[in-house]
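Numbering (this note's numbering), first residue to last: 238 to 583.
Ideal placement from N, C-alpha and C gives every residue a C-beta, glycine not left out.
Quick caveat, the model's predicted, so the values are computed rather than measured.
Below you'll find the structure, written out as structure tokens, and then a few comments.
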Ligand SMILES: [Fe+2]
């Protein structure tokens with residue numbers, strides 16, 4: 238296997254939980270979590286859920302995936318989804334799902350309310366699954382103004398993936414002043430460099446694992462994933478690289494960009510790095526949607542499951558909500574706010 242230069246050491250980004258008598262994070266613990274989120278753009282809170290609570294989440298995720306009539310999401314990594322290497326499934330606003338989401342939000346109340354007001358909408362409650370043979374997404378930013386949450390309902394090993402973050406790349410007023418006021422340009426160059434490596438990594442590994450997959454990856458799928466002409470922003474493939482329609486294209490190799498890269502390559506090397514969060518069961522990961530991140534490939538025969546919740550930090554145009562996220566039709570029909578979840582009785 239070709240390897241990417243990724244650190245799995247997430248200690249700097251973790252806050253051990255401490256709970257008050259109501260079961261919520263203590264003010265001090267919430268303050269530490271906000272501090273890390275503000276500084277790096279993401280934070281991990283291990284053991285926010287007990288093993289039993291995590292297992293409960295895994296149970297209804299499996300039930301949801303087993304339902305042949307379920308809704309499916311197709312907003313990212315469309316090629317992986319078409320070939321059943323990933324599965325994004327919006328969850329219905331049923332009592333067990335809402336109670337579960339409420340339990341997590343209530344424990345995190347003092348963290349969430351710093352970023353999202355009580356009236357802000359829950360944009361999506363879903364489950365994200367990846368299987369062996371899925372591709373490493375390009376490093377990208379999601380639409381701004383959203384606080385995203387991944388809940389590890391089972392242990393995630395580095396081989397199963399998790400989420401890759403580039404610490405310190407979130408947007409805020411004056412963020413571009415960092416690194417001698419060159420932060421925006423340096424982040425753009427770093428993203429292009431990382432995505433070049435991811436394109437190479439993906440193509441080589443796809444070729445190498447074609448016979449290891451069970452069943453093996455058929456030629457038709459291999460060809461479709463390398464030369465897919467269907468738009469896919471996050472899937473590294475050759476056709477989209479050459480003809481556009483993805484987060485990384487041949488335009489990133491324009492002469493002035495290569496010149497900039499050569500000029501700043503030393504500072505880029507020290508300013509940014511890839512950190513992969515492969516969280517243990519019961520961990521909650523919070524991140525700001527506008528930071529650089531990606532969903533890695535799954536190199537393990539064991540599927541990787543996440544419970545996913547996205548909360549708006551601002552008002553959102555209805556079309557953007559429907560097109561940029563995967564709300565279940567029951568959530569669209571009856572919108573839910575963060576306040577609703579904070580008041581939900583478990
Ligand atoms: Fe994303």
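| field | Closer than 8 Å: residue 416 CB and nearest ligand 1 heavy atom | value | no
| query | What separation, rounded to the nearest whole angstrom, lies between the Cα atoms of residue 324 and residue 264? | reply | 36 Å
| message | Is any non-hydrogen atom of ligand 1 found closer than 8 Å to the C-beta of residue 377, if you look at the structure I gave you? | response | yes
| query | How many whole angstroms separate the CB atoms of residue 383 and residue 547, which I take to be in contact at a CB cut-off of 8 Å? | reply | 5 Å
| field | CA-to-CA distance, residue 290 to residue 373, given in whole angstroms | value | 29 Å
| task | For the beta strand (DSSP E) containing residue 547, list its first residue and its last residue. | result | 541-549
| Relative to ligand 1, is the shortest distance from any of its heavy atoms to the C-beta of residue 531 smaller than 8 Å? | yes
| query | Three-state secondary structure (DSSP) at residue 387? | reply | Three-state DSSP puts residue 387 in a strand.
| Are residue 310 and residue 524 close, meaning C-beta to C-beta below 9 Å? | no
| Where residue 290 sits in the DSSP three-state scheme | helix
| request: Answer yes or no: the CB of residue 374 versus the heavy atoms of ligand 1, is any distance below 8 Å? | output: yes
| request: Output the distance between the C-alpha atoms of residue 425 and residue 257, rounded to the nearest integer angstrom. | output: 42 Å
| query | With C-beta atoms as the reference, is residue 322 less than 9 Å away from residue 367? | reply | yes
| task | Taking residue 344 and residue 285 to be in contact with their CB atoms under 8 Å, please state how far apart those CB atoms are, rounded to whole angstroms. | result | 6 Å
| field | residue 314 and residue 561 closer than 9 Å at C-beta | value | no
| Who pairs with residue 531 in a beta bridge, going by DSSP? | 401
| query | Does the Cβ-Cβ distance between residue 355 and residue 575 come in under 9 Å? | reply | Their beta carbons are under 9 Å apart, which means residue 355 touches residue 575 by this criterion.
| task | Verify the CB distance criterion: does residue 419 have a CB-CB separation below 9 Å to chain B? | result | The displayed structure is made up of one protein chain only, and chain B is not part of it.
| Candidates 451, 392, 483: closest to residue 466 by CA position | 483
| request: Count the other C-beta atoms from every protein chain shown that fall within 10 angstroms of the C-beta of residue 304, then say buried if there are 16 or more, exposed otherwise. | output: Classification of residue 304: exposed, given that the 10 Å Cβ count is below 16.
| query | Do residue 514 and ligand 1 come close, with the Cβ less than 8 Å from some heavy atom? | reply | No, ligand 1 has no heavy atom inside 8 Å of this Cβ.
| request: Check each candidate in 416, 577, 534 and name the one with the smallest Cα separation from residue 509. | output: 416
| task | Assign residue 362 to buried or exposed, taking buried as 16 or more other Cβ atoms, counted over all protein chains shown, within 10 Å of its Cβ. | result | buried
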